[in-house]
Amino acid sequence: MAHAHESHTKRIWNVFWILSLITIVEVALGILKPDILHLTNFLGTSPLNWIFIILTLAKAYGITWAFMHMEGEKKWFRRSVVWTAVFLICYLVTLLLIEGGYLFETLAPLVRW
1 MAHAHESHTK RIWNVFWILS LITIVEVALG ILKPDILHLT NFLGTSPLNW IFIILTLAKA
61 YGITWAFMHM EGEKKWFRRS VVWTAVFLIC YLVTLLLIEG GYLFETLAPL VRW
């Protein structure tokens, strides 16, 4: 049975506003960079980095859910697509944080601040 064409304009605008709000929070935190979030250490990195990682994963999940039409798929297919991307992003972020810390420790004595 064919489905009638439905307008998804409201849904698209809702997703747009949610993703925009998350992006605005990320940009504001990146510009303000509060000392309590930036200069403390939590689980190997600053809480500010953890906030960025979590918000980025939330945006990636929202984009996948809304624009790849995952809400209509079977549960295990959704999980295989979304969790693969989540684990890949976590792995790449971990590598970036480790290598970035190494470069900072190695090159910091050579740079005049």
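Everything in the sequence shown is counted per UniProt numbering, starting at 1 for the first residue and increasing by one.
C-beta atoms are modelled at their ideal positions from N, C-alpha and C, and glycine is treated no differently.
Since the model is a prediction, treat every value here as computed from it, not as a measurement.
- T45 sits in a strand when the DSSP states are folded into three classes.
- Excluding its 5 nearest sequence neighbours in each direction, R11 has no C-beta neighbour in its own chain below 6 Å.
- Apart from sequence neighbours up to five positions away, the residues of its chain that approach E26 with a beta-carbon distance below 7 Å are F52 and L55, ordered along the chain.
- A residue is called buried when at least 16 other Cβ atoms come within 10 angstroms of its Cβ; L39 does not meet this threshold and is exposed.
- In this model, L107 and L97 are separated by some 15 Å (Cα to Cα).
- Just so you know, the alpha carbons of G100 and T45 end up roughly 11 Å apart.
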